[in-house]
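Protein chains in written order, with the numbering used here: chain A, 493 to 639; chain B, 4 to 149.
We put the beta carbon where it would ideally sit given N, CA and C, even for glycine.
No experiment lies behind these values; they were computed from the predicted model shown.
Next comes the structure, spelled out in structure tokens:
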């Protein structure tokens, strides 16, 4: 049996966010990671239109871009988001099936640069786009010694 | 007056009772433009160092910007309007930890259809921010259909 890709391991782990969002690893090809999920009711924006808040898109894009960075690493080390820019076209409807892709653009020293997009799985409509920069091998120490 | 009107034809208090605000655990503080996100386990991004997820921090900043724009519109214009985030750019300045997160919103420019707000976040010390963000928001006023 073929070994799982590191990104697949990341998205099938018991990480609080990936578990909550029920993210499903689809595949990784040509340095592009694809994950699918449904827009959760917990992110309903309260407008009465059954739409999710744009924060969901940012959360998903940050997670998938970070997962794609993890998938590029030769050994697992902590990473941290250094910068995140998102643009929103339409808010996902509650329960809407979504597909998020993240593309690895390059790395310079210990900074990985990513792009991502979130689309409606059924129509292909583009909902949000993002760029993110991630520090590989964060030097943050565990909470215990820090407090 | 502050809570009376607001965004989306929505009051700020309505936004604060939305499911997303509940998931975030966000509330207004004694300072009208400062919001707090009460820590919850599902906010964790890095379980090893127990840092908050960057996307959760970003989401909290976007929601804070919307809440504060809603407050400002209701106070200054006395009209109902819906506000919606168009874009955000966030810098993560320091590592976070598993405690409450505060956000201060500074309105830079509020025009008829667009607003630009900066958001600064901190945990222990306001003078040592953990993130900053620039948000662009669209304002849909009552007379404007979408």
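Closest by CA to residue 132 (chain B), which one among B:105, B:119, B:116? Locating residue 132 (chain B) in the second chain gives position 129, counting from the first residue. For the options B:105, B:119, B:116, the alpha carbon positioned closest to that of residue 132 (chain B) is the one of B:105.
Do the stretch 90-108 of chain B and the stretch 581-597 of chain A make contact, defined as three or more Cβ pairs closer than 8 Å? In short, these stretches do not touch, since the Cβ pair count stays below three.
Measuring only between beta-carbons, confirm whether residue 546 (chain A) sits less than 8 Å from chain B. The residue given as residue 546 (chain A) occupies position 54 in the first chain. At least one chain B Cβ lies under 8 Å of residue 546 (chain A).
Closest residue to residue 37 (chain B) among B:45, B:103, B:26 (Cα-Cα distance): On the second chain, residue 37 (chain B) is found 34 positions in, with the first residue counted as 1. Of the candidates B:45, B:103, B:26, the one whose C-alpha sits nearest the C-alpha of residue 37 (chain B) is B:103.
Opposite residue 609 (chain A) in the DSSP bridges: which residues? To locate residue 609 (chain A), count along the first chain from 1; it is residue 117. Under DSSP, the beta-bridge partners assigned to residue 609 (chain A) are A:593, A:621.
Strictly below 9 Å CB to CB, what residues from chain A border residue 48 (chain B)? Along the second chain, read from residue 1 onward, the residue named residue 48 (chain B) stands at position 45. 507, 508, 509, 554, 555, 558, 572, 573, listed in chain order.
What's the call for residue 626 (chain A), buried or exposed, on a 16-neighbour Cβ count within 10 Å? Here the question's residue 626 (chain A) lines up with position 134 in the first chain. The residue in question, residue 626 (chain A), is buried, as its Cβ has 16 or more Cβ neighbours within 10 Å.
Taking residue 527 (chain A) as part of the beta strand (DSSP E), name the residues at either end of that continuous run. Taking the first chain and counting its residues from 1, one reaches residue 527 (chain A) at position 35. That run of the beta strand (DSSP E) goes 524-530.
Taking one C-beta from the stretch 597-604 of chain A and one from the stretch 528-540 of chain A each time, how about it: are there three or more such pairs within less than 8 Å? Contact fails: fewer than three Cβ-Cβ distances are below 8 Å.
Could you tell me whether the Cβ atoms of residue 59 (chain B) and residue 46 (chain B) are closer together than 8 Å? Looking up residue 59 (chain B) in the second chain gives position 56. Looking up residue 46 (chain B) in the second chain gives position 43. Contact check for residue 59 (chain B) against residue 46 (chain B) passes: the beta carbons are separated by less than 8 Å.
The stretch 62-69 of chain B in contact with the stretch 546-553 of chain A per 3-pair CB rule at 8 Å: These segments touch.
The stretch 577-596 of chain A: positions lying closer than 7 Å to chain B by Cβ: For the stretch 577-596 of chain A, the set of residues with a beta-carbon nearer than 7 Å to any beta-carbon of chain B comprises 577, 578, 579, 580, in chain order.
CA-to-CA distance, residue 596 (chain A) to residue 508 (chain A), given in whole angstroms: Here residue 508 (chain A) refers to the residue found at position 16 of the first chain. Here residue 596 (chain A) refers to the residue found at position 104 of the first chain. The straight-line gap from Cα to Cα measures roughly 24 Å.
Does the beta-carbon distance from residue 622 (chain A) to residue 576 (chain A) come in below 8 Å? Working through the first chain from its first residue, we reach residue 622 (chain A) at position 130. Working through the first chain from its first residue, we reach residue 576 (chain A) at position 84. The answer is yes: Cβ separation under 8 Å.
Between residue 61 (chain B) and residue 541 (chain A), what straight-line distance do the alpha-carbon atoms span, to the nearest angstrom? Here the question's residue 61 (chain B) lines up with position 58 in the second chain. Here the question's residue 541 (chain A) lines up with position 49 in the first chain. Going by the C-alpha atoms only, they are around 23 Å apart.
For the 8 Å Cβ check, are there 3 or more pairs between the stretch 107-116 of chain B and the stretch 39-57 of chain B? In short, these stretches do not touch, since the Cβ pair count stays below three.
At the 8 Å Cβ level, is residue 533 (chain A) part of the contact set with chain B, yes or no? For the purposes of this step, residue 533 (chain A) is taken as the residue at position 41 of the first chain. True, the Cβ-Cβ gap to chain B drops below 8 Å.
Residues near residue 137 (chain B) in its chain [Cβ-Cβ closer than 6 Å; skip 5 each side]: For the purposes of this step, residue 137 (chain B) is taken as residue 134 along the second chain, with counting starting at 1. For residue 137 (chain B), where only same-chain residues beyond five positions count, the Cβ hits under 6 Å are 92, 121.
Chain A within 8 Å of residue 126 (chain B), Cβ atoms only: The residue labelled residue 126 (chain B) in the question sits at position 123 within the second chain. With 8 Å as the cut-off, residue 126 (chain B) does not count as an interface residue toward chain A.
Express the C-alpha separation of residue 629 (chain A) and residue 607 (chain A) in angstroms, rounding to a whole number. In the first chain, residue 607 (chain A) corresponds to position 115, counting from 1. In the first chain, residue 629 (chain A) corresponds to position 137, counting from 1. Pairing residue 607 (chain A) with residue 629 (chain A), the inter-Cα distance amounts to about 20 Å.
Quick check on the DSSP output: the alpha helix (DSSP H) that includes residue 60 (chain B) runs from which residue to which? For this step, residue 60 (chain B) is matched to residue 57 along the second chain. Per DSSP, residue 60 (chain B) belongs to the alpha helix (DSSP H) from 57-79.
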